Amino acid sequence: MNLQTAAQVRAKEIEKSFSHTRPNGSSFSTVLAENGVDYRGSGENIAWGQRSPEEVMNGWMNSDGHRANILNKNFKYIGVGYHVNSNGTGYWTQLFTY
Numbered sequence: 000m001n002l003q004t005a006a007q008v009r010a011k012e013i014e015k016s017f018s019h020t021r022p023n024g025s026s027f028s029t030v031l032a033e034n035g036v037d038y039r040g041s042g043e044n045i046a047w048g049q050r051s052p053e054e055v056m057n058g059w060m061n062s063d064g065h066r067a068n069i070l071n072k073n074f075k076y077i078g079v080g081y082h083v084n085s086n087g088t089g090y091w092t093q094l095f096t097y
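In structure tokens, the structure reads:
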């Protein structure tokens, strides 16, 4: 399982298309199979512009949907991706699976 690699791929992709849909039009979850992740269920949190892990986590925890992913007792694994573009803007991804 390479959940970390999948999360890093998504962090780079959301610079192009800030969405749970990938730039090619497919669901975010397709990145999991592409990276050999065996899973039954998944979730994704994305963010951009925050300057520190603390900022992004505060934002996610203050959002009902993002917090629900983080606290979901069914999720057993997490991968975290972070990408900085040429302008210094950060893109953050959390992928969750069970």
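Numbered by numbering that gives the first Met the number 0, the letters in the sequence shown go through residues 0 to 97 in order.
Ideal Cβ positions, reconstructed from N, Cα and C, are used throughout, including at glycine.
Keep in mind that this is a model prediction, so the values were computed, not measured.
Among the options, which one has its Cα closest to the Cα of residue i?
i, options, result
"Thr88", "Arg9, Ile77, Asn1 and Glu14", "Glu14"
"Asn73", "Ala5, Asn86, Ile45 and Ser41", "Ser41"
"Leu70", "Glu12, Thr96, Ser85 and Glu53", "Thr96"
"Lys75", "Val8, Ser26, Ser18 and Gln93", "Gln93"
"Thr7", "Ser85, Asn86, Glu33 and Gly78", "In the sequence on display, residue 7 carries Gln and not Thr. Closest option to Gln7, Cα to Cα, is Gly78."
"Thr29", "Glu53, Gly58, Thr4 and Ser51", "Thr4"
"Ser51", "Tyr38, His82 and Arg39", "His82"
Could you tell me which residues DSSP pairs with residue i in its beta bridges?
i, result
"Leu31", "In DSSP, Leu31 forms no bridge with anything."
"Ile77", "Phe95"
"Ala46", "Trp91"
"Ser51", "Ser51 pairs with nothing; no bridge assigned."
"Ser26", "Thr20"
Can you tell me which of the three DSSP states residue i falls into?
i, result
"His19", "coil"
"Val83", "strand"
Closer than 7 angstroms by C-beta to residue i: which residues in its own chain qualify, once you throw out the five before and the five after it? Chain order, please.
i, result
"Val55", "Ala46, Gln49 and Trp91"
Kindly say whether residue i, judged by its beta-carbon, lies nearer than 9 angstroms to any beta-carbon of chain C.
i, result
"Asn57", "Absence of chain C from the displayed structure is noted, only one protein chain being present."
Leaving out five residues on either side along the sequence, give the residues of the same chain with a beta carbon under 8 angstroms from the beta carbon of residue i.
i, result
"Ser26", "His19 and Thr20"
"Ser85", "none"
Within a Cβ cutoff of 6 angstroms, which residues of the same chain sit near residue i, ignoring the five residues on either side of it in sequence?
i, result
"Asn68", "Gly42, Asn44 and Phe95"
**Prompt:** Would the segment 48-66 and the segment 11-30 be scored as touching if the rule is three or more Cβ pairs under 8 angstroms?
**Reply:** no
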